[in-house]
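Chemist: Top to bottom, those sequences are chains W and V. The first sequence begins at 1 in the numbering used here and counts up by one. The second sequence begins at 1 in the numbering used here and counts up by one. The C-beta atom is built at its ideal place from N, Cα and C for all residues, glycine as well. Before I ask anything, let me first share the structure, which is written out below as structure tokens.
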Amino acid sequence: MRTAGITRRGFLRGAAGASGAAAFPAVLRGQVPEVKVGAVHPVSGLLARVGQACRSGAQMAADEVNAAGGIRSLGGARLSLLTGDSETKAEVAQVEAERLIREGAVILTGAFDSGHTMAMAKVAEERRIPFLIDIAAADQITRQGYRHVFRNFPTSGVFGVKAIQFMTDLFAETGVTPRRAVLMHVSDLFGQTQARSLLTAHQALKPPFAIVETLAYPVTTQDLSTEVAKAKAAKPDLLLPITRPRDAVLLVQELFKQRVEVHAIIGPGSPGLYEPEFVQQLGKLSEFTMDNVPWHNPRNPKTGAVTAAFEKRYGKTFDTNSGYAYEAILIVADALERARSTKPEALLEALRGTNITDHIMVGGPVRFNEQGDNANASTALVQILGGRARVVKPAAFAEARATFPVPRLWERG
Amino acid sequence: MDPVLLAQATLNGLMLGGVYSLMAVGLSLIFGVMRIINFAHGELMIWGMYLAYWLFTLGGLDPLLSLPLTTAAIFGLGYAIQRFLVNRILEVPEEMQVLLLLGVALILTNGALILFGPDSRRAPTAYALSTVWLGPVVLDVPRLLAFALAMALTGGLYLFLRGTDLGRTLRAAADNRVGALLTGTDVERVYAVAFGIGAACAAAAGALTISFLPFAPSGGLPLTLTSFIVVILGGMGSLPGAALGGLIVGVTESFGAVLLVPSFKQVVPFAIVIGILLLRPRGLFGGRG
């Protein structure tokens, strides 16, 4: 009897052929080894803009490494960036970290927010996967005795000390010394740690101004009119805000509306005060705002090429967030190169031996101490001048002179 | 305590309180007429905000000028919700009412999330940063306008209920449903109108704030809670109670922010609710149980 369709013999032949091909995927696909690197950032939710900048920086770095031939010691292996979205929630960051590990990531990077990073560090340590923190300041993260966590970013302690140092210098140079500063900060893990470290540094270094009032507010706040009214009542001549992007805009708008008279707005170290969105939403009001943040080194000849490439590709200014996410991937590539393997122990060994002198961020060579921190990571004082953040301190990295004191918000035409 | 700061806090609280009043008056009306607690009140307000926002962003219409459009649209939505959904559950146990309106709230919230995304929005009108100075105290122009319009609308609603036939019919149906039925009132239609007006009040209150308060789909629940606080304080079903309650909650919330840590400002209104429920459960002006 003739049956239409597949005969039994035909089926067996086909199956043998297919399983033969499937058993040797190299024959089908061509041999390009891949190393999966995880990157978790808040690309949606409250911190979406910042998270997207981080992801873009990381992607650009991965593409750069691949374009230059990939990881040579692993046979030219391509970096495959597995991205995760923490949705600006610590629980989701944790779930994403676990998912990326399941999908084969040999190392994780992330997560911008200190709370999320804390959650991911726990996962990385439990699953014994190395975790290179690209951005997160809270000191506690690397004080838990974890072996698998490294951080290429200054800790809160560093922020506090450098903020006081830069301000003391600035006041001495210009001969104008504010006496009463008000510290305003978001009350999430990052904000609280930064505030605490500023107050500690202030007590230790005794600069010529007093911090007369400290005001905290929730990250989700819709309205800062009361907080600013309280700040104004303390008669400040210097405002020190620790913000996130959304409240930074609300804050400056309130300062403008309530005519709070200060010599300057100087951030002790936080996002919100330098991003393109800050400048775009506030226009003239954003000018002259200062922030003590890790930044890319404008004096390094490579920096110009990287910033231009980023701006061309993504249409946004390159800043500390895209910068540190970018650098983290380069550090990962460097470690993979020296490890000659993707096994966790080999990677950990390689990371511990990192010593990168030619990098585009402000600060000394990238080296990790016993706690996993890069003790040479440092900050610069940037100021919005002509619609862009420019490094004004320290002198070794400066690209412009600081304007201080700054014109009043309501007298800027 | 700095007197300027206190004066500032009082005025700020009063201005926002006016918006709370309008919002709560809507909730109180719905409860007063048909004994339904509208758990979707905050979500209706959010939809009013989105409508005003898109009219501003796409059509260039100032949110204060587009108020008639926004309120008419959300009135229609409220009318439809009552006519086709709530009407079926007027006689059933309260748990069912709660579930139905919570379901409506979920649909509205997630509908907004799907259509508009989770990002918070604000309408940057030309006068968004304008201020008026009373000596050392600063008044935000958008807030001032919102307060003035909210009070005007609340007053208008009061006149409507007192002076027009439809208004009197609404009050009659609220007072005595069976009696209203016996005299030939189309009670179902009256209920739908009441729900529509309640929803329109919420939407108007929302639209007034979009130039100075950011909003997002997730903002519905906090607004519903605030409406509840105001209505519990003022007395369920009492419109003057809701109006006064709104101002009180606005001012005490503001005081809470100034005297306590600003993050705790919600503690004060909630504490007031606990106090009211313990000491005078029917609220300031509440009559019936």
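1. When DSSP labels each residue in this structure, what does His-359(W) get in the three-state scheme?
2. Given a threshold of 16 other Cβ atoms within 10 Å of its Cβ, counted over all protein chains shown, does Asp-358(W) qualify as buried or as exposed?
3. Could you check what DSSP says for Tyr-79(V) in three-state terms: helix, strand or coil?
4. Just to confirm, are Phe-131(W) and Ala-121(W) a CB contact at a threshold of 8 Å?
5. State the DSSP-derived secondary structure class of Leu-28(W), mapped to helix, strand or coil.
6. Output, in chain order, the set of chain W residues within a Cβ distance shorter than 8 Å of Asn-12(V).
7. Helix or strand or just coil, what does DSSP make of Asp-188(W)?
8. At a CB-CB cut-off below 7 Å, which residues of chain W make contact with Ser-254(V)?
9. Look at Ile-384(W) and Phe-310(W) and say whether their C-beta atoms are less than 8 Å apart.
10. Using a 10 Å radius around the Cβ and a threshold of 16 neighbouring Cβ atoms, would you call Leu-278(V) buried or exposed?
11. Enumerate, from N- to C-terminal direction, the unbroken alpha helix (DSSP H) stretches of 4 or more residues contained entirely within the stretch 125-198 of chain V.
12. Return no unless some Cβ of chain W is closer than 8 Å to the Cβ of Ala-24(V).
13. Mind checking if Pro-269(V) is an interface residue toward chain W, Cβ cutoff 8 Å exclusive?
14. Quick one, are the C-beta atoms of Leu-55(V) and Leu-69(V) less than 8 Å apart?
15. Which of the three DSSP states is assigned to His-148(W) in this structure?
16. Which chain V residues are close to Gln-192(W), counting only those with a beta carbon under 7 Å from its beta carbon?
17. Taking Ile-164(W) as part of the alpha helix (DSSP H), name the residues at either end of that continuous run.
18. Can you find a CB in chain W that lies within less than 8 Å of the CB of Asp-175(V)?
19. Between Gly-272(W) and chain V, is the shortest Cβ-Cβ distance under 8 Å, so that the two count as touching?
20. Closer than 8 Å, CB to CB, is Pro-199(V) near chain W or not?
21. For the stretch 253-266 of chain W, list every residue whose C-beta sits within 8 Å of some C-beta in chain V, in sequence order.
22. Please state whether DSSP places Asp-63(W) in a helix, a strand or coil.
23. Leaving out five residues before and five after Asp-139(W) in sequence, what residues of the same chain have Cβ atoms less than 6 Å from its Cβ?
24. Pull the bridge partners of Gln-194(W) from the DSSP assignment, please.
25. If we count the other Cβ atoms within 10 Å of its Cβ and call it buried at 16 or more, is Lys-312(W) buried or exposed?
26. Starting from Val-261(V), find everything on chain W with Cβ-Cβ shorter than 7 Å and list it in chain order.
27. Could you say if the stretch 50-57 of chain W and the stretch 312-327 of chain W meet the contact criterion of at least three C-beta pairs nearer than 8 Å?
28. If you measure beta-carbon to beta-carbon, which residues of the stretch 124-141 of chain V are closer than 7 Å to chain W?
29. I need the straight-line Cα distance from Phe-264(V) to Val-258(V), nearest angstrom please.
30. Which bits of chain W does Leu-213(V) rub up against, with CB to CB less than 7 Å?
31. Taking Leu-170(V) as the reference, give the member of Asp-186(V), Gly-155(V), Ala-24(V) with the closest Cα.
32. Reducing DSSP to helix, strand and coil, say where Phe-264(V) ends up.
33. Check whether the Cβ atoms of Val-65(W) and Ala-333(W) sit closer than 8 Å, and answer yes or no.
34. Are any of the Cβ atoms in chain W nearer than 8 Å to that of Val-190(V)?
35. Less than 8 Å between CB atoms is the rule here; does Leu-170(V) satisfy it with respect to chain W?
36. Hey, is the stretch 113-126 of chain V in contact with the stretch 192-210 of chain W, meaning 3+ C-beta pairs nearer than 8 Å?
Modeler: Taking the geometry as given:
1. Within the first sequence, residue 359(W) is the residue found at index 359, counting from 1. Reduced to three states, the DSSP call for His-359(W) is coil.
2. Here the question's residue 358(W) lines up with position 358 in the first sequence. Asp-358(W) should be labelled exposed.
3. Taking the first residue of the second sequence as position 1, residue 79(V) is located at position 79. Residue state, collapsed to three classes: helix.
4. Numbered from 1 along the first sequence, position 131 holds the residue referred to as residue 131(W). Numbered from 1 along the first sequence, position 121 holds the residue referred to as residue 121(W). Taking 8 Å as the Cβ cut-off, Phe-131(W) and Ala-121(W) qualify as a contacting pair.
5. Within the first sequence, numbered from 1, the residue matching residue 28(W) stands at position 28. Bear in mind that a pLDDT of 44 at Leu-28(W), under 50, signals an unreliable position, so the number given afterwards is only what the model happens to contain. DSSP places Leu-28(W) in helix when its eight states are reduced to three.
6. As a position in the second sequence, residue 12(V) is number 12, starting the count at 1. Simply Ser-225, Thr-226, Ala-229.
7. Along the first sequence, one-based indexing puts residue 188(W) at 188. Correct three-state label for Asp-188(W): coil.
8. For the purposes of this step, residue 254(V) is identified with residue 254 of the second sequence, where counting begins at 1. The contacting residues are Thr-226.
9. Taking the first residue of the first sequence as 1, we reach residue 384(W) at position 384. Taking the first residue of the first sequence as 1, we reach residue 310(W) at position 310. No, the Cβ-Cβ distance between Ile-384(W) and Phe-310(W) is not below 8 Å.
10. Counting from 1 along the second sequence, the entry for residue 278(V) is found at position 278. Classification for Leu-278(V): exposed.
11. For the stretch 125-198 of chain V, whole alpha helix (DSSP H) runs of length 4 or above, ordered along the chain, are 141-163, 165-175, 177-182.
12. What you label residue 24(V) is simply residue 24 of the second sequence in a count that begins at 1. Proximity of Ala-24(V) to chain W, defined by a Cβ-Cβ separation below 8 Å, is not satisfied.
13. As a position in the second sequence, residue 269(V) is number 269, starting the count at 1. No - not a single Cβ of chain W is within 8 Å of the one on Pro-269(V).
14. For the purposes of this step, residue 55(V) is identified with residue 55 of the second sequence, where counting begins at 1. For the purposes of this step, residue 69(V) is identified with residue 69 of the second sequence, where counting begins at 1. For Leu-55(V) and Leu-69(V), yes; Cβs fall inside 8 Å.
15. The count along the first sequence starts at 1 and reaches residue 148(W) at position 148. DSSP places His-148(W) in the coil class of the three-state scheme, outside both helix and strand.
16. Counting from one through the first sequence, the residue named residue 192(W) turns up at place 192. Those do not exist, as Gln-192(W) stays about 12 Å from chain V at its closest Cβ, beyond 7 Å.
17. Reading the first sequence from its first residue, position 164 is the one you call residue 164(W). For Ile-164(W), the enclosing alpha helix (DSSP H) stretches over residues 156-174.
18. Taking the first residue of the second sequence as position 1, residue 175(V) is located at position 175. No, no contact with chain W.
19. By one-based count along the first sequence, residue 272(W) stands at place 272. Not an interface residue.
20. Residue 199(V) sits at position 199 when you count from the first residue of the second sequence. Residue identity check: residue 199(V) is Ala in the sequence provided, not Pro. False, the Cβ-Cβ gap to chain W never drops below 8 Å.
21. Gln-253, Phe-256, Lys-257, Gln-258, Arg-259
22. By 1-based counting over the first sequence, the position of residue 63(W) is 63. In this structure, Asp-63(W) counts as helix in the three-state DSSP scheme.
23. On the first sequence, residue 139(W) is found 139 positions in, with the first residue counted as 1. These residues qualify, in order along the chain: Thr-155, Ser-156, Gly-157.
24. Position 194 of the first sequence holds residue 194(W). Gln-194(W) pairs with nothing; no bridge assigned.
25. Translated into positions along the first sequence, residue 312(W) becomes position 312. So Lys-312(W) counts as exposed.
26. As a first step, residue 261(V) is located in the second sequence; it is residue number 261 there, counting from the start. Chain W residues near Val-261(V): Ala-216.
27. yes
28. For the stretch 124-141 of chain V, which is checked against every Cβ of chain W, the residues closer than 7 Å are Leu-129, Thr-131, Val-138, Asp-140.
29. Counting from one through the second sequence, the residue named residue 264(V) turns up at place 264. Counting from one through the second sequence, the residue named residue 258(V) turns up at place 258. Cα to Cα, the separation comes out at about 10 Å.
30. Start at 1 with the first residue of the second sequence, and residue 213(V) comes out as number 213. Within 7 Å Cβ-Cβ: Gln-222, Asp-223.
31. If you number the second sequence from 1, residue 170(V) lands on position 170. Out of Asp-186(V), Gly-155(V), Ala-24(V), Asp-186(V) has the C-alpha closest to the C-alpha of Leu-170(V).
32. Within the second sequence, numbered from 1, the residue matching residue 264(V) stands at position 264. It is helical.
33. As a position in the first sequence, residue 65(W) is number 65, starting the count at 1. As a position in the first sequence, residue 333(W) is number 333, starting the count at 1. In this structure, Ala-333(W) lies closer than 8 Å to Val-65(W) by Cβ.
34. The sequence position of residue 190(V) within the second sequence is 190, counting from 1. Answer no: the Cβ-Cβ gap between Val-190(V) and chain W never drops below 8 Å.
35. The residue given as residue 170(V) occupies position 170 in the second sequence. It does not: the Cβ of Leu-170(V) has no partner Cβ on chain W nearer than 8 Å.
36. no
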